[in-house]
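Enquirer: Starting off with a structure, shown below.
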Amino acid sequence: GAGVSQSPRYKVAKRGQDVALRCDPISGHVSLFWYQQALGQGPEFLTYFQNEAQLDKSGLPSDRFFAERPEGSVSTLKIQRTQQEDSAVYLCASSFPEGNNPGGRQYFGPGTRLTVT
Amino acid sequence: RKEVEQDPGPFNVPEGATVAFNCTYSNSASQSFFWYRQDCRKEPKLLMSVYSSGNEDGRFTAQLNRASQYISLLIRDSKLSDSATYLCVPRNDYKLSFGAGTTVTVRA
Chain A
234 GAGVSQSPRY KVAKRGQDVA LRCDPISGHV SLFWYQQALG QGPEFLTYFQ
284 NEAQLDKSGL PSDRFFAERP EGSVSTLKIQ RTQQEDSAVY LCASSFPEGN
334 NPGGRQYFGP GTRLTVT
Chain B
22 RKEVEQDPGP FNVPEGATVA FNCTYSNSAS QSFFWYRQDC RKEPKLLMSV
72 YSSGNEDGRF TAQLNRASQY ISLLIRDSKL SDSATYLCVP RNDYKLSFGA
122 GTTVTVRA
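Line by line, the protein sequences give chains A and B.
Using our numbering, the first residue of the first sequence is number 234, and each one after it goes up by one.
Using our numbering, the first residue of the second sequence is number 22, and each one after it goes up by one.
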């Protein structure tokens, strides 16, 4: 079946612009995650949804970052007033709970590469 | 101090060689452990889980030492297609913590 998809794949924004990144998880996956991967680093956790509920947003770097998943399927990560340090690849992952682990095996989308100029 | 520390490499090895590398993690509450593989400009993909008893998956062998909070990966009979960045990933509940990765380049 189809994997996790993300759009756009590439985004160039001028400093101060707002951007919205979309994630379409695997159908039926309850859990959805956003990660930020800076150049030369591993992905860093941003936020976690279970269905439409945002259960953990501890990784969001500032209040300029906002994520939503209103119907428990598609999710949008919004970054307001982008800064150069926001330049990174934003990865989305989805999963279905396994046993007593609410996260389960996470399947990653191809990411959105954001460049802020 | 980062939660997961990895030798960034790169490890440049000829085809057929054995290459091994490891990572250390600081969160003793981590419950599960994984190695992910990430190709250049691609998303991470699960390579294998890591168990305390050690486990193999074909040419790949992973080991976990909970007391030392140390995880290793060994690749035997390296193939050109093994060239990638290998990410060490402890998991605590639903949260994955990624290392920065170890880059392996296999040359012909």
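Each residue gets a CB set at the ideal place from its N, CA and C atoms; glycine is no exception.
Bear in mind the structure is a predicted one, so any value in this text is a computation, not a measurement.
#1: Under 9 Å between beta-carbons, which chain A residues line up against G122 of chain B? List them in chain order, please.
#2: G342 of chain A CB to nearest chain B CB: under 9 Å?
#3: What does the alpha-carbon distance come out to for the pair K66 of chain B and Y340 of chain A?
#4: Rounded to the nearest angstrom, how far is the Cβ of V322 of chain A from that of Q270 of chain A, given a contact under 8 Å?
#5: Would a check of beta-carbon distances place S320 of chain A closer than 9 Å to chain C?
#6: Taking only runs of the alpha helix (DSSP H) that begin and end inside the stretch 41 to 76 of chain B, which ones reach a length of at least 4 residues, in chain order?
#7: Could you check whether G275 of chain A and A121 of chain B sit closer than 9 Å to each other, using their CB atoms as the reference points?
#8: Would you kindly work out how many angstroms separate the C-alpha atoms of I312 of chain A and V71 of chain B, rounded to a whole number?
#9: Determine the closest residue to N113 of chain B out of A:C325, A:N334, A:E318, with distance taken between C-alpha atoms.
Expert: According to the structure data:
#1: G273, Q274, G275
#2: Answer yes: the Cβ-Cβ gap between G342 of chain A and chain B drops below 9 Å somewhere.
#3: The straight-line gap from Cα to Cα measures roughly 7 Å.
#4: 5 Å
#5: The structure shown has no chain C; the protein chains it does contain are A and B.
#6: Counting only runs of 4 or more residues that sit fully inside the stretch 41 to 76 of chain B, no alpha helix (DSSP H) segment turns up.
#7: yes
#8: 36 Å
#9: A:N334
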